[in-house]
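Heads up, the thing below is written out as structure tokens.
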Amino acid sequence: MPHKSKPAASEALSKVPELTLVFWIIKIMATTLGETGGDAVSMSMDLGYLVSTAIFAFLFVGAVLVQIKAPKFHPVIYWATIVASTTVGTTLADFATRSLGIGYAGGSGLLLALLVGSLLVWKQVMGSVAVADVSSTRSELFYWVTIMFSQTLGTALGDWTADTAGLGYLGAAAIFAGLLALIVSAYFWTKVSRTTLFWGAFIVTRPLGAVLGDFLDKPVANGGLALSRYSASAILAVLIVACVLLLPQRAATQSHGS
Numbered sequence: 004m005p006h007k008s009k010p011a012a013s014e015a016l017s018k019v020p021e022l023t024l025v026f027w028i029i030k031i032m033a034t035t036l037g038e039t040g041g042d043a044v045s046m047s048m049d050l051g052y053l054v055s056t057a058i059f060a061f062l063f064v065g066a067v068l069v070q071i072k073a074p075k076f077h078p079v080i081y082w083a084t085i086v087a088s089t090t091v092g093t094t095l096a097d098f099a100t101r102s103l104g105i106g107y108a109g110g111s112g113l114l115l116a117l118l119v120g121s122l123l124v125w126k127q128v129m130g131s132v133a134v135a136d137v138s139s140t141r142s143e144l145f146y147w148v149t150i151m152f153s154q155t156l157g158t159a160l161g162d163w164t165a166d167t168a169g170l171g172y173l174g175a176a177a178i179f180a181g182l183l184a185l186i187v188s189a190y191f192w193t194k195v196s197r198t199t200l201f202w203g204a205f206i207v208t209r210p211l212g213a214v215l216g217d218f219l220d221k222p223v224a225n226g227g228l229a230l231s232r233y234s235a236s237a238i239l240a241v242l243i244v245a246c247v248l249l250l251p252q253r254a255a256t257q258s259h260g261s
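Written out as structure tokens, the structure reads:
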């Protein structure tokens, strides 16, 4: 019998999804849900930022453990972990910027330093921060720690742009959507590292989702639509579940840069 070659390691073992339009649609909805869901627990339920962060951190750690134990990429597990990271990012950022009193600028600066530090250490230890190379337990841990920092940074950055900079929710959304469009343009028309572009897009979609979430549930007097945080979160959750279950996704197969 002819010998059958084994699939490439990245194709066989990648634990993250292929970067398609479906990925980015779900990512933006997930980050928006993280904002409305996090605010629902910390504000609407009046549990406060610290208690809410503890609750979501517990869920996030549990989801990461399930994700790591999974033998291969599974869309439901992966996106549940992403949503958990966005909710803990929301309440953690609010706790740091509001309860600790370091402000949006201070919080954004601190979280950016943590994010860059995480990427540098990941690169130093593993040799690559390309998401398609996420296949071992160690690389997955780096991946999810980096994602948590990026989700937390996005919340602080979104609030800073919408509130402190005075752009409002729609103005801030336009800024971040414009940045995302520039990254997409660079993907198609430049030779910039695909890994660099991925992390740029991943970071930018978080504040975009944050300000969209605030636009949905903040009072009309503050520039929002004053929708119920519970209703907005439920609708977003249903849309995410529908996309995850109905739209095809597969594991990433090959990295295009480090």
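Heads up, the sequence shown is in the numbering used here, so the first residue is 4 and it goes up one at a time. All residues carry an ideal CB built from backbone N, CA and C; glycine is no exception.
Any idea what DSSP makes of residue i, helix, strand or coil?
| i | result |
| --- | --- |
| Pro222 | coil |
| Ala255 | coil |
| Met4 | Low confidence applies to Met4: its pLDDT is 44, below 50, so where it sits in the model is not reliable, and the reading given next is rough at best. Residue state, collapsed to three classes: coil. |
| Thr78 | One detail in the question is off: residue 78 reads as Pro in this sequence, not Thr. Helix, per DSSP. |
| Ala12 | Unreliable placement is indicated for Ala12, whose pLDDT of 41 sits below 50; no coordinate value is reported for it. |
| Thr193 | coil |
| Leu182 | helix |
| Leu250 | coil |
| Gly161 | helix |
| Leu170 | coil |
| Leu103 | coil |
| Ser261 | With a pLDDT of 47 at Ser261, under the threshold of 50, the predicted position of this residue should be treated as unreliable, though the coordinate-derived value follows. Three-state result, Ser261: coil. |
Less than 6 Å between C-beta atoms, sequence neighbours within five positions excluded: which residues of the same chain meet that for residue i?
| i | result |
| --- | --- |
| Ile206 | Ser153 |
| Ser121 | Val148, Thr149 and Phe152 |
| Gln70 | Ile80 and Thr84 |
| Tyr52 | Ser45, Thr94, Asp97, Phe98 and Ser102 |
| Phe179 | Val207, Pro210 and Leu211 |
| Thr89 | Ala33, Thr34, Gly37 and Gln154 |
| Ile31 | Thr208 and Gly212 |
Can you list, in chain order, the residues of its chain whose CB lies under 7 Å from that of residue i, leaving out five sequence neighbours each side?
| i | result |
| --- | --- |
| Ile28 | Cys246 |
| Ala12 | Bear in mind that a pLDDT of 41 at Ala12, under 50, signals an unreliable position, so the number given afterwards is only what the model happens to contain. Here the set comprises Ser138. |
| Trp125 | Val132, Phe145 and Thr149 |
| Leu239 | Met32, Thr35, Leu36 and Thr39 |
| Leu50 | Val44 |
| Thr56 | Val91, Thr94, Leu95 and Phe98 |
| Leu165 | Checking the sequence, you will find Ala at residue 165 rather than Leu. Gly171, Tyr172, Ala175, Val214 and Asp217. |
Within the same chain, show all residues whose beta-carbon is closer than 8 Å to that of residue i, passing over the 5 residues directly before and after it, in chain order.
| i | result |
| --- | --- |
| Pro251 | Val25 |
| Leu1 | Past the boundaries of the shown model lies residue 1; the chain is included only from 4 to 261, so the question cannot be answered. |
| Val128 | Arg141 and Phe145 |
| Leu123 | none |
Say whether chain D places a C-beta atom closer than 8 Å to the C-beta of residue i.
| i | result |
| --- | --- |
| Ala159 | The question asks about chain D, but that chain is absent: this structure has only one protein chain. |
Q) Can you give, in chain order, each stretch of the alpha helix (DSSP H) that sits fully within the region 195–246 and has at least 4 residues? A) 197–220
(Q) Three Cβ pairs or more, each shorter than 8 Å: is that satisfied between the region 85–100 and the region 55–71? (A) yes
Q | Completely contained alpha helix (DSSP H) runs for the region 105–144, where each covers 4 or more residues | A | 106–129
Q.
Under 8 Å: do the region 134–141 and the region 179–193 share three or more Cβ pairs, one atom per stretch?
A. no
Q. Given 8 Å as the limit, is there contact between the region 32–42 and the region 209–224, that is, 3 or more CB pairs closer than that?
A. yes
Q.
Check whether the region 159–168 and the region 105–114 are in contact - that is, three or more C-beta pairs closer than 8 Å.
A. yes
Q: Starting from the N-terminal side, write out each stretch of the beta strand (DSSP E) that is 3 residues or longer and does not extend beyond the region 14–97.
A: none
Q: Specify whether the region 171–184 and the region 220–238 touch according to this definition: at least 3 beta carbon pairs, one from each stretch, less than 8 Å apart.
A: Yes: the two stretches touch, three or more of their Cβ pairs being nearer than 8 Å.
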